[in-house]
């Protein structure tokens, strides 16, 4: 796990070279942002969710991103068949279980997805990850305000249980594939005041995973890029500028990001077991 | 009804303190903007529209916003059951009957909603409100260009008939719960050239209503905040800037808004009966 | 075909005078952008896709834009009945067959649409247009990277076969109604790095077609406006600004566009037969 920042930079170079097609079955609220962030990072987004075509779309894609933000019965069905197809052809599947603790419908859906599909990376906030881990949580909608105790343990255990990479976003971000746990300190508070920054992070992770040998690095590259770009955009804000301008500059910073940006700004520690 | 501006400011403080969860069953065109505006004002948005989960979402929310912009049979059903649940647990329901005069499907839907759900606030343009009031109108899509005659009378009568607060947006905005009529003079013409400013106003009203004892003040706080933020954003436009930059600065101004902004910029009269 | 730039300018003046209602049955990813671009150009957008109301919406509209970006069975049905109604009442129908080569579902849908509806203008990238022309293509999602050879021939032949105006977007844009072929050289590369610029171009074409006697000019006016506005926005970018700011300035430039902007910046040739 040495040279993590260099490895992240290498993935970014690969994404820009290969322009991977990233298939999204995602929510209606932030899908435009997700498409734009994939373009900004050098990938090619496609949003397709009808059961009549998702298998074909998966077949020409390099990764599949499943986001549960605005579930309905139709897209659940599409998620399952697209996820199975992605497993079959060997492209990574990334899950963002948005608001999974909020309703029975979401909990049942995530159970069905976990039973049917092998995920390369699962990314959520602490509340969502705890729900997956079977910990009882009181979810206040899609946000999480639970404490940090046990965060690293939960990530590691769930990664082992599901044989996947777990990314937990929050004040600090945590990435683990069951052994080491990487804690990332990038990302300003203002990112939580713009809708879709979480979904965009998942899309970035999808783009990186599509060219990664090691999904831990893919997860780190995505979550850290959003954090650093957020910090850079925040520093650029002028007087009277707030979330509107921040969102614009965030997208600028993502498009301007290069491998040196990781090295100059990346801030992480590898936690002891 | 004294100190209206101070009461609006108090509601804004309360929203920022309580961060109420505002459940939206809304249209696909502007849902991203609506989520961002709720975050900018200090609330927490959730967009969920599937019949399998809307009652649970309502149950952990502080207000329900129903927007008819892109109706289909599925979301109509969700609107009815979510609205009934909201009434049952006592959280305010806000209706934005977008383009209700345009089609039979919309008129039938609004009739079903009015028969099933008690609304705290209904917000529309003159054409939409006239349709609700049973006045024959020729709707040109979702916009209204009818004259102002009788505006105040229509607002007061419809508020009494439906036992609700009526907000009519236009060059001037009108708010009434059946007795006094408050006429608000804030808001630049350019607001009509950005899609979703009407929907965002409804989302703001939802956030304010969630913490209001008096829904008239909730309605005023929402519509006036959008008007004032629009004026401030308009003044900030540089040479060659137009709707693109206006939209960004509008969101900045909404996030920067505080109780003093109401007092410095609010412009209204209370009309005589 | 003299004075093409003046004719484009005349159409722009007409759109701003008449404020035509442009009905969209379009994709969920970019519908907000499409609504905003129609407003910026002086038109009035309406997005409605339920089978229960599309015929009524068409009946009060001046053009119908059908965009296949996020197909599902419900909106395919709505596209067919809305398209037939538009033909019946004589308003132009514009088709954007997004990603048509990607799946059987899309190819079958476009076949159904072409069999049921007479289109005034069909706009796609080379890959999409080749699919319509029955040329075998390997589509990489919704983008096209095929060569330019035969572009003009394909446009002219397909226009004749389908009795429509064909617009092919790419590095150069091509417009033909079967005889002359107009090649437009406006538009910076960066337009391909923002999602929805293609969909927005189709919406612009819809607005222009709604007031045009000659759909070739309608197609040219739309595609050239996006190209020129892109060039102007690109020139305005400051250091560290990229796709985020570009998108904002693009919308500014579209709203600031006037008939002189065509004359000062339009760059085209009429290709020999």
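Protein chains in written order, with the working numbering: chain A, 13 to 285; chain B, 13 to 285; chain C, 13 to 285. The C-beta atom is built at its ideal place from N, Cα and C for all residues, glycine as well. As the structure is a computational prediction, the values presented were derived from the model and not from experiment.
With DSSP as the reference, label residue 155 of chain C as helix, strand or coil.
By one-based count along the third chain, residue 155 of chain C stands at place 143. With a pLDDT of only 41 at residue 155 of chain C, under 50, the local geometry of the prediction cannot be trusted, and no value is derived from it.
Would you kindly work out how many angstroms separate the C-alpha atoms of residue 242 of chain A and residue 165 of chain B, rounded to a whole number?
Here the question's residue 242 of chain A lines up with position 230 in the first chain. Here the question's residue 165 of chain B lines up with position 153 in the second chain. One C-alpha to the other measures close to 50 Å.
Could you work out which residues of chain C lie near residue 261 of chain A, taking near to mean beta carbons separated by less than 9 Å?
Taking the first residue of the first chain as position 1, residue 261 of chain A is located at position 249. Per Cβ cutoff of 9 Å: 252, 253, 256 and 257.
Pick helix, strand or coil for residue 36 of chain B, following the three-state DSSP scheme.
Residue mapping note: residue 36 of chain B aligns to position 24 of the second chain, counting from 1. DSSP places residue 36 of chain B in strand when its eight states are reduced to three.
Residue from A/119, A/77 and A/62 with nearest C-alpha to residue 50 of chain A:
Within the first chain, residue 50 of chain A is the residue found at index 38, counting from 1. With distances taken between Cα atoms, residue 50 of chain A lies closest to A/77.
Going by DSSP, name the residue or residues bridged to residue 135 of chain A.
The count along the first chain starts at 1 and reaches residue 135 of chain A at position 123. DSSP output for residue 135 of chain A lists A/179 as bridge partner(s).
When you compare only the Cα positions, how much space is there between residue 151 of chain A and residue 187 of chain B?
For the purposes of this step, residue 151 of chain A is taken as the residue at position 139 of the first chain. For the purposes of this step, residue 187 of chain B is taken as the residue at position 175 of the second chain. In this predicted model, residue 151 of chain A has a pLDDT of only 46, less than 50, meaning its place in the structure is not dependable enough to derive any value.
Would DSSP call residue 150 of chain A helix, strand or coil?
Translated into the one-based positions of the first chain, residue 150 of chain A becomes position 138. Note that residue 150 of chain A has pLDDT 48, beneath the 50 cutoff, so the model's placement of it is unreliable and the number below is only indicative. Coil, per DSSP.
Can a CB atom of chain C be found closer than 8 Å to the CB of residue 32 of chain A?
Numbered from 1 along the first chain, position 20 holds the residue referred to as residue 32 of chain A. Not closer than 8 Å to any Cβ of chain C, the Cβ of residue 32 of chain A fails to qualify, so no.
Please list the partners that residue 117 of chain A has in chain B, where partner means a Cβ-to-Cβ separation under 8 Å.
As a working mapping, residue 117 of chain A is identified with position 105 in the first chain. Going along chain B in sequence order, the residues near residue 117 of chain A (Cβ under 8 Å) are 62, 64, 65 and 68.
Going straight from the alpha carbon of residue 277 of chain B to that of residue 240 of chain B, what length do you get?
Translated into positions along the second chain, residue 277 of chain B becomes position 265. Translated into positions along the second chain, residue 240 of chain B becomes position 228. Approximately 6 Å, taken between the alpha carbons.
In three-state terms, what does DSSP make of residue 79 of chain A?
By one-based count along the first chain, residue 79 of chain A stands at place 67. Here residue 79 of chain A sits in strand by DSSP.
Can you name the residues that DSSP bridges to residue 53 of chain B?
Within the second chain, numbered from 1, the residue matching residue 53 of chain B stands at position 41. Note: residue 53 of chain B sits in no beta bridge, so no partner.
Thinking C-alpha only, which one of C/202, C/71 and C/252 is nearest residue 244 of chain C?
On the third chain, residue 244 of chain C is found 232 positions in, with the first residue counted as 1. Considering only alpha carbons, the answer is C/202.
Cβ neighbour criterion (16 or more within 10 Å) applied to residue 142 of chain A
On the first chain, position 130 is the one that residue 142 of chain A refers to. Buried, by the Cβ-count rule.
Euclidean distance between Cα positions of residue 65 of chain C and residue 71 of chain C:
As a first step, residue 65 of chain C is located in the third chain; it is residue number 53 there, counting from the start. As a first step, residue 71 of chain C is located in the third chain; it is residue number 59 there, counting from the start. Spanning the two alpha carbons is a distance of roughly 10 Å.
Would residue 238 of chain A and residue 190 of chain A be called neighbours here (beta carbons separated by less than 8 Å)?
Taking the first chain and counting its residues from 1, one reaches residue 238 of chain A at position 226. Taking the first chain and counting its residues from 1, one reaches residue 190 of chain A at position 178. No. Outside cutoff.
Nearest-angstrom Cβ-Cβ length linking residue 122 of chain A and residue 80 of chain A, presumed shorter than 8 Å
The residue given as residue 122 of chain A occupies position 110 in the first chain. The residue given as residue 80 of chain A occupies position 68 in the first chain. Their Cβ separation, rounded to whole angstroms, is 7 Å, which keeps residue 122 of chain A and residue 80 of chain A in contact under 8 Å.
Using a Cβ-Cβ cutoff of 8 Å, what residues of the region 32 to 58 of chain A are near chain C? List them in chain order.
33, 40, 43, 44, 47, 48, 51, 52, 56, 57 and 58
Coarse secondary structure for residue 321 of chain C, derived from DSSP in three states
The structure shown has nothing for residue 321 of chain C, since chain C only spans 13 to 285.
Ignore the nearest five residues each way along the sequence and tell me which others in residue 107 of chain B's own chain have a CB closer than 6 Å to its CB.
Taking the first residue of the second chain as 1, we reach residue 107 of chain B at position 95. 78, 131 and 134.
Identity of the residue in A/104, A/129, A/31 and A/137 nearest residue 110 of chain A by Cα
Taking the first residue of the first chain as 1, we reach residue 110 of chain A at position 98. Checking every option, the nearest Cα to that of residue 110 of chain A belongs to A/137.
Closest residue to residue 145 of chain A among A/128, A/173 and A/120 (Cα-Cα distance):
Here residue 145 of chain A refers to the residue found at position 133 when the first chain is read from its first residue. Checking every option, the nearest Cα to that of residue 145 of chain A belongs to A/173.
Mapping the DSSP letters down to three states, classify residue 60 of chain C as helix, strand or coil.
Here the question's residue 60 of chain C lines up with position 48 in the third chain. If DSSP states are grouped into helix, strand and coil, residue 60 of chain C belongs with coil.
Are any of the Cβ atoms in chain B nearer than 8 Å to that of residue 276 of chain C?
Working through the third chain from its first residue, we reach residue 276 of chain C at position 264. Not closer than 8 Å to any Cβ of chain B, the Cβ of residue 276 of chain C fails to qualify, so no.
Indicate the three-state DSSP secondary structure (helix, strand or coil) for residue 206 of chain A in the structure shown.
Position 194 of the first chain, counted from the start, is the residue given in the question as residue 206 of chain A. In the structure shown, residue 206 of chain A sits in coil (DSSP, three-state: anything other than H, G, I, E or B).
Determine which residues share a DSSP beta bridge with residue 107 of chain A and list them.
Within the first chain, the letter at position 95 stands for residue 107 of chain A. Residue 107 of chain A is bridged to A/78 and A/134.
Do the region 219 to 230 of chain B and the region 261 to 276 of chain B make contact, defined as three or more Cβ pairs closer than 8 Å?
no
Status (buried if at least 16 other CB within 10 Å, exposed otherwise) for residue 256 of chain C:
By 1-based counting over the third chain, the position of residue 256 of chain C is 244. So residue 256 of chain C ends up on the buried side.
Starting from the beta carbon of residue 84 of chain C, find every residue of chain A whose beta carbon is closer than 9 Å, and list them in chain order.
Stepping through the third chain from its first residue, residue 84 of chain C is reached at position 72. Per Cβ cutoff of 9 Å: 61, 62, 63, 64 and 86.
Rounded C-beta distance between residue 41 of chain A and residue 43 of chain B? I'm assuming under 8 Å.
One-based indexing of the first chain puts residue 41 of chain A at position 29. One-based indexing of the second chain puts residue 43 of chain B at position 31. With 8 Å as the limit, residue 41 of chain A and residue 43 of chain B qualify as a contact, their Cβ atoms being about 5 Å apart.
Starting from residue 245 of chain C, find everything on chain A with Cβ-Cβ shorter than 9 Å and list it in chain order.
For the purposes of this step, residue 245 of chain C is taken as the residue at position 233 of the third chain. Chain A residues near residue 245 of chain C: none, gap ~13 Å exceeds 9 Å.
Assuming residue 3 of chain C is part of the alpha helix (DSSP H), what are its boundary residues?
Nothing about residue 3 of chain C can be reported from this structure: the residues present for chain C run from 13 to 285 only.
Just list the residues that DSSP pairs residue 281 of chain B with in beta bridges.
For the purposes of this step, residue 281 of chain B is taken as the residue at position 269 of the second chain. Looking at the DSSP assignment, residue 281 of chain B forms a beta bridge with B/195.
C-beta neighbour in chain A for residue 241 of chain B, strict 8 Å:
By 1-based counting over the second chain, the position of residue 241 of chain B is 229. So no, residue 241 of chain B is outside the interface.
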